[in-house]
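**Q**
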Ligand code: GTP
């Protein structure tokens, strides 16, 4: 039972699911589509029934993007803080949908806002996971200049997840942008250093370096295929595995 995505044998499988904010807006250009969030929650609830412990880190790009705002003249840190607040809204939407699917959920924020959700305390997050609660981690790392992918990697390492499952709109990592290069080939597996040296855009370099230093495998998969979130959480080999080999 010791493949690249299930290092710990005695403890239940623990995964960190990274959801982009854009995933929540469905066909809309902005905001949260409750039906889309419900469908995602149903897949997570289905996967949880086999005892897998699930932490979620969600982005905020469906509501606000700090980097895009800074490109248009806003102070980068201010933009990033606004983006972090956007992730809190997304986290609450996910909690609502998960609990409607009978899945106990705790939202934990890297920026204290105790009236709305719990503060992120690592040991408490682990305890929630052990008790079978889905833990939605919001507000990134609490710091500007860090992406949600980096926050996801940091949290995965902190709570000793087996794997990061990065849910995107592409079915893995390609050797070139598949949208502009139709001949691009998808990797089923790629090493951290190859990803970094080829400057492939699947994740930012900070996230990949942190994962590499801590031997944290990452699976990049297409969440627009119905059932793929459940499959990825269950450990099926889909998408691209980024690891040390
Ligand atoms: P256990 O202590 O393991 O039983 O966990 P628990 O989360 O069920 O217990 P607790 O009494 O800590 O929390 C009860 C509810 O209050 C849960 O829904 C928590 O998410 C929520 N809660 C706990 N701390 C905070 C907080 O600081 N702010 C907010 N808004 N809610 C909190």
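Numbering (our numbering), first residue to last: 20 to 264.
No residue lacks a Cβ here, since even glycine has one placed at the ideal position from N, Cα and C.
What ranges does the beta strand (DSSP E) occupy inside the region 105-153, keeping only unbroken runs of at least 3 residues that lie completely in it?
**A** DSSP runs (the beta strand (DSSP E)) wholly in the region 105-153: 124-128.
**Q** Say the cut is 7 Å; is the CB of residue 133 nearer than that to a heavy atom of ligand 1?
**A** Reading the chain shown from its first residue, position 114 is the one you call residue 133. Yes; taking the cut-off as 7 Å, the Cβ of residue 133 has a heavy atom of ligand 1 nearer than that.
**Q** Within 10 angstroms of its Cβ, does residue 181 collect 16 or more other Cβ (buried), or is it exposed?
**A** The residue given as residue 181 occupies position 162 in the chain shown. The residue in question, residue 181, is buried, as its Cβ has 16 or more Cβ neighbours within 10 Å.
**Q** Around the Cβ of residue 128, are there at least 16 other Cβ atoms within 10 angstroms (buried) or fewer (exposed)?
**A** Locating residue 128 in the chain shown gives position 109, where the first residue counts as 1. So residue 128 counts as buried.
**Q** Helix, strand or coil: which one does DSSP assign to residue 193?
**A** Position 174 of the chain shown, counted from the start, is the residue given in the question as residue 193. In the structure shown, residue 193 sits in a strand (DSSP, three-state: E or B).
**Q** Helix, strand or coil for residue 204 per DSSP?
**A** One-based indexing of the chain shown puts residue 204 at position 185. Coil at residue 204, not helix or strand.
**Q** Do residue 137 and ligand 3 come close, with the Cβ less than 7 Å from some heavy atom?
**A** Although ligand 3 was asked about, the structure shown includes only ligand 1 as ligands.
**Q** Cβ of residue 38 less than 8 Å from any chain C Cβ?
**A** Note that chain C does not occur in the displayed structure, where there is just one protein chain.
**Q** Mind checking which residues open and close the beta strand (DSSP E) that includes residue 184?
**A** Against the chain shown, residue 184 aligns to sequence position 165. Its beta strand (DSSP E) spans residues 182-187.
**Q** Rounded to a whole number of angstroms, what is the C-alpha to C-alpha distance between residue 260 and residue 108?
**A** Numbered from its first residue, the chain shown carries residue 260 at position 241. Numbered from its first residue, the chain shown carries residue 108 at position 89. Roughly 30 Å between the two C-alpha positions.
**Q** Whole angstroms is fine: what's the gap from residue 21's alpha carbon to residue 155's?
**A** Translated into positions along the chain shown, residue 21 becomes position 2. Translated into positions along the chain shown, residue 155 becomes position 136. Its pLDDT being 41, under 50, residue 21 is placed unreliably in this model, and the value from its coordinates should be taken loosely. Rounded to whole angstroms, residue 21 to residue 155 spans 27 Å at the Cα level.
**Q** Under 8 Å, do residue 153 and residue 184 count as touching if we go by C-beta distance?
**A** Taking the first residue of the chain shown as position 1, residue 153 is located at position 134. Taking the first residue of the chain shown as position 1, residue 184 is located at position 165. The answer is no: Cβ separation not under 8 Å.
**Q** According to DSSP, is residue 259 helix, strand or coil?
**A** Reading the chain shown from its first residue, position 240 is the one you call residue 259. Of the three classes helix, strand and coil, the one that applies to residue 259 here is strand, per DSSP.
**Q** Please go through the same chain and pick out, in chain order, the residues whose beta-carbon is closer than 8 Å to the beta-carbon of residue 160, but skip the five residues on each side of it.
**A** Locating residue 160 in the chain shown gives position 141, counting from the first residue. Result list for residue 160: 129, 169, 170 and 173, in chain order.
**Q** So for residue 234, helix, strand or coil by DSSP?
**A** Sequence index remark: in the chain shown, residue 234 carries index 215 (1-based). It is coil, neither helix nor strand.
**Q** Report, in whole angstroms, the separation of the C-beta atoms of residue 167 and residue 106, which I expect to be a contact under 8 Å.
**A** Here residue 167 refers to the residue found at position 148 of the chain shown. Here residue 106 refers to the residue found at position 87 of the chain shown. About 7 Å; that satisfies the 8 Å criterion.
**Q** Have a look at 195, 217 and 63 and flag the residue whose alpha-carbon is nearest the alpha-carbon of residue 37.
**A** The residue given as residue 37 occupies position 18 in the chain shown. Closest by alpha carbon: 63.
**Q** Among the residues of its own chain, which have a CB less than 6 Å from the CB of residue 206, if the five just before and after it don't count?
**A** As a working mapping, residue 206 is identified with position 187 in the chain shown. Closer than 6 Å at Cβ, skipping near neighbours: 192 and 259.
**Q** I need the DSSP call for residue 229, collapsed to helix, strand or coil.
**A** Residue numbering aside, residue 229 sits at position 210 when the chain shown is read from its first letter. In the structure shown, residue 229 sits in a helix (DSSP, three-state: H, G or I).
**Q** Check whether the Cβ atoms of residue 32 and residue 263 lie closer than 8 Å to each other.
**A** Residue numbering aside, residue 32 sits at position 13 when the chain shown is read from its first letter. Residue numbering aside, residue 263 sits at position 244 when the chain shown is read from its first letter. Not closer than 8 Å, so no.
**Q** According to the Cβ coordinates, are residue 78 and residue 40 closer than 8 Å?
**A** As a first step, residue 78 must be located in the chain shown, where it is residue number 59. As a first step, residue 40 must be located in the chain shown, where it is residue number 21. Going by C-beta atoms, residue 78 is nearer than 8 Å to residue 40.
**Q** Between residue 146 and ligand 1, is the CB less than 7 Å from at least one heavy atom?
**A** As a first step, residue 146 is located in the chain shown; it is residue number 127 there, counting from the start. Checking every heavy atom of ligand 1 against the Cβ of residue 146, one is found closer than 7 Å.
**Q** Let me check understanding here. Comparing Cα to Cα, which of 35, 46, 34 and 30 lies closest to residue 243?
**A** The count along the chain shown starts at 1 and reaches residue 243 at position 224. Checking every option, the nearest Cα to that of residue 243 belongs to 46.
**Q** Buried or exposed, going by whether 16 or more other CB atoms sit within 10 Å of the CB of residue 123?
**A** Counting from one through the chain shown, the residue named residue 123 turns up at place 104. Looking at its Cβ environment, which holds fewer than 16 other Cβ atoms inside 10 Å, residue 123 is exposed.
**Q** Note down, in chain order, each residue of its chain lying with its Cβ closer than 6 Å to the Cβ of residue 65, except the 5 sequence neighbours on either side.
**A** The residue you call residue 65 lines up with position 46 of the chain shown. If we look at residue 65 and ignore the five residues flanking it on each side, its Cβ neighbours are 249.
**Q** If you follow the beta strand (DSSP E) that residue 73 is part of, which residue opens it and which one closes it?
**A** Counting from one through the chain shown, the residue named residue 73 turns up at place 54. Element bounds for residue 73: 72-77.
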